[in-house]
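This report refers to the structure that appears directly beneath it.
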Amino acid sequence: MEVEGVTYTYPNAEEPALRGVTLTVDEGEFILLTGPSGCGKTTLCRCLNGLIPHFYSGEMEGEVRVLGLSTREHPPSELARYVGLIFQNPDNQIFSLTVEKEVAFGLENLGVERGEMRRRVDWALEVVGLSHLRHRLTNELSGGEKQRLAIASILAMRPRVIVLDEPTSFLDPKAAEHLFEILDLLNREYGMTIILIEHRVDLAVRYVDRVVVMDGGLVIVDAPPREAFTSPKTRAVGVAVPRVLELSERLMRRGIPLKRLPLTPQELLEELQGRLRGDGGWSGGEVKVEGAEPIIEVIDVSYTYPNGVKALDGINLRINRGEFVAIMGENGAGKTTLVKHFIGLLKPTEGRVLVDGIDTSQVTVASLARKVGLVFQNPDDQLFAESVEEEIAFALRNFGYS
């Protein structure tokens with residue numbers, strides 16, 4: 116894959132999103148593409164499978180070639196045989212009613228023989244861990260399950276290159292680690308080239324061969340991981356670096372010599388073995404909140420969706436005023452279902468939810484919105500107005516403010 120002097124400006128934009136980007140990707144490489152928000156990462160990915168210039172118009176200069184094919188001369192429908200693109204928001208690329216049909220969709224468009232299609236669908240679902248959901252309706256999947264489905268749909272087509280735009284955004288830590296293991300397998304065992312946009316660099320750094328850092332539509336660093344993350348240019352633009360690297364730098368500043376700066380926990384462990392004594396244990400204290408006055412109480416709550424799926428089963432929870440609480444669990448564990456009860460978007464099948472002493476089943480969502488604000492996983496689901504100012508004023512007007 117070759118990108119030569121690509122400059123691209125979106126329609127009606129005053130400034131180009133890409134400015135003379137040149138990049139070469141060898142077959143079988145695993146590349147991390149990173150940089151601050153708005154630096155051009157997603158735009159570059161859209162160039163790699165022909166969405167730019169065929170779907171997004173705008174003005175493009177330069178050349179992109181995939182396996183020798185010019186993306187100007189070959190449409191995305193043809194390039195899809197070679198390059199698979201997985202979007203940040205899986206809802207943007209899921210079209211079918213069921214999981215199985217979604218994975219088969221691309222294969223049908225490629226004219227794959229039915230027996231081979233069945234084998235590929237089985238394989239792709241097994242790889243991403245969705246075999247048990249093959250007959251599930253796609254609109255009943257959690258955010259993380261949808262992301263894995265999008266990946267399975269691309270895998271089934273067996274492209275030479277897979278481009279992923281922040282694929283772990285909707286995944287819990289365990290699922291994210293499983294995804295990286297999948298990508299590593301595809302890279303090592305199947306020789307697929309992987310180009311990854313990702314902010315979870317602690318996970319990514321274990322697997323990637325190169326790191327490409329962008330800023331302002333430019334490639335400012337293109338180097339192996341250790342060199343890229345220690346580059347002053349990378350630090351200057353505020354790109355996240357592996358936490359192990361930050362810890363290692365602190366240790367060196369405190370007089371603990373390291374032969375090289377580790378990037379992964381395993382590398383740090385190898386550096387420190389034999390140097391530190393003691394069990395290193397630490398016991399944290401309890402978080403104390405003055406007054407311990409409950410703001411949210413969940414009492415024996417169960418919830419069953421209309422399709423019969425029981426998402427909550429006898430939940431009891433008390434959140435005190437002023438606490439900072441993390442609700443964690445695997446994809447599909449019921450986290451989103453639970454918090455939707457806090458604002459009355461869902462009402463318990465059994466049990467009660469109290470917000471500031473008010474039973475949510477007895478009041479409207481509008482009245483609860485004065486006490487509880489809910490930010491969805493996908494911001495597109497809650498943005499309605501045409502401008503930033505109008506969006507912020509929207510709820511205030513509903514509250515009667517002028």
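Number 139 in the working numbering belongs to position 24 of the sequence shown; there are no gaps in the numbering. Glycine is no exception: its CB is placed at the ideal position from the N, C-alpha and C atoms.
Problem - Outcome for residue 479 when other beta-carbon atoms lying within 10 angstroms are tallied against a minimum of 16 - result: exposed
Handout entry: Distance, residue 387 Cα to residue 397 Cα
Key = Because residue 397 carries a pLDDT of 35, less than 50, the predicted location of this residue cannot be relied on, and the following value inherits that uncertainty. In a straight line, the C-alpha of residue 397 is about 18 Å away from that of residue 387.
Practice task
Determine which residues share a DSSP beta bridge with residue 307 and list them.
Solution key: DSSP lists no partner for residue 307.
Handout entry: Sequence-distant residues of the same chain with beta carbon closer than 7 Å to residue 471, five excluded per side
Key = 410 and 486
Practice task
Please go through the same chain and pick out, in chain order, the residues whose beta-carbon is closer than 7 Å to the beta-carbon of residue 209, but skip the five residues on each side of it.
Solution key: 217, 253, 261, 264 and 265
Problem - Cβ-based neighbour list, residue 130, same chain, cut-off 6 Å, excluding 5 preceding and 5 following - result: none
Problem - Three-state secondary structure (DSSP) of residue 216 - result: Here residue 216 sits in helix by DSSP.
Practice task
Spatial neighbours of residue 225 within its chain, please: CB distance less than 6 Å, with the 5 preceding and 5 following residues excluded, ordered by chain position.
Solution key: Counting only Cβ-Cβ distances below 6 Å, and skipping sequence neighbours, we find nothing.
Exercise for the section: Classify residue 431 as helix, strand or coil using the three-state DSSP reduction. Expected result: strand
Practice task
Find out if the Cβ-Cβ distance for the pair residue 294, residue 283 is shorter than 9 Å.
Solution key: yes
Handout entry: residue 118 and residue 178 closer than 9 Å at C-beta
Key = yes
Problem - Ranges of the beta strand (DSSP E) found wholly within the segment 215-274, counting only runs of at least 3 - result: none
Exercise for the section: Return helix, strand or coil for residue 442, following the three-state DSSP convention. Expected result: coil
Handout entry: Cβ contact (3+ pairs, closer than 8 Å) linking the segment 461-468 and the segment 414-422
Key = Counting Cβ pairs under 8 Å, three or more are found: they touch.
Problem - Local conformation of residue 149 per DSSP, three classes - result: strand
Practice task
Excluding the 5 residues preceding and the 5 following residue 350 in the sequence, name in chain order all residues of the same chain whose CB lies nearer than 8 Å to its CB.
Solution key: Excluding residues within five positions, the ones whose Cβ falls inside 8 Å are 356.
Problem - Minimum C-alpha distance to residue 308 - residue among 501, 116, 506 and 511 - result: 116
Practice task
Give the range of the alpha helix (DSSP H) segment to which residue 414 is assigned.
Solution key: Premise fails: residue 414 lies in the beta strand (DSSP E), 409-419, not in any alpha helix (DSSP H).
Handout entry: Collapsed DSSP secondary structure at residue 187 in the structure displayed
Key = Per DSSP, reduced to three states, the secondary structure at residue 187 is coil, with no helix or strand assignment.
Handout entry: Contact between the segment 144-155 and the segment 181-197 (3+ Cβ pairs under 8 Å)
Key = Contact fails between the segment 144-155 and the segment 181-197, because fewer than three Cβ pairs, one in each stretch, are under 8 Å apart.
Practice task
Taking 8 Å as the threshold, find out whether the segment 232-243 comes into contact with the segment 151-163 through three or more Cβ pairs.
Solution key: Touching, no.
Problem - C-beta contact flag for residue 323 and residue 354 at 9 Å - result: no
Handout entry: residue 250 beta carbon less than 9 Å from that of residue 213
Key = yes
Practice task
Please state whether DSSP places residue 287 in a helix, a strand or coil.
Solution key: It is coil, neither helix nor strand.
Exercise for the section: Compute the Euclidean distance between the alpha carbons of residue 310 and residue 279, then round it to the nearest angstrom. Expected result: 6 Å
Exercise for the section: Can you check DSSP and say which residues form a bridge with residue 117? Expected result: 139 and 180
Problem - Contacts around residue 498, its chain only, beta-carbon distance under 7 Å, and the 5 residues preceding and following it disregarded - result: 506
Practice task
Please classify residue 425: does DSSP put it in a helix, a strand, or coil?
Solution key: Strand, per DSSP.
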